[in-house]
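For reference, the structure is listed below as structure tokens.
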């Protein structure tokens, strides 16, 4: 890890996990150079179900909950980005605190509860990126008060 990476990590870890997450989304939304794109390696290309992925490593759902930065994630070198989880209606998710760092395990526990702006907001953002390259998936879920 470079010195700059360590400084960035210390800065983000000085905030609670949810604030740090929000700051990272804001940085990507503003176009700040938060990382360097990985060089493309033709050996990593795969075709799955008729889709051509530049590499098999993607950003999973849960990071970009509102489909705000899929192109920025692709620009960082991910082979695909999955946004969401998106619910039919906006919902606030679970009460805070709802993200917990397990520092010794280098892990986090996520109990956010599908907080998101709802499908209409995500649909609008995704429609605006129509025609751009890159594979973007959408993870969908039910609202907390939906009938089973």
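Numbering (the working numbering), first residue to last: 1 to 148.
We treat Cβ as the ideally placed atom computed from N, Cα and C, and that holds for glycine.
The count of Cβ pairs closer than 8 Å, one atom from the region 77-88 and one from the region 38-57, reaches three, so the stretches are in contact. In the three-state reduction of the DSSP assignment, residue 103 falls in the helix class.
Going by DSSP, residue 4 is part of the alpha helix (DSSP H) stretching over 3-13. Put simply, the backbone Cα of residue 71 is about 23 Å away from that of residue 9. If you ignore the 5 residues before and after residue 143, its C-beta comes within less than 8 Å of the C-beta of 87, 88, 89, 91, 114, all in its own chain and listed in chain order.
The region 100-115 makes no contact with the region 26-33: fewer than 3 CB pairs, one atom from each, lie closer than 8 Å. Within the same chain, 112, 113, 114, 115 come within 7 Å of residue 93 by CB-CB distance, once the 5 residues on both sides are set aside.
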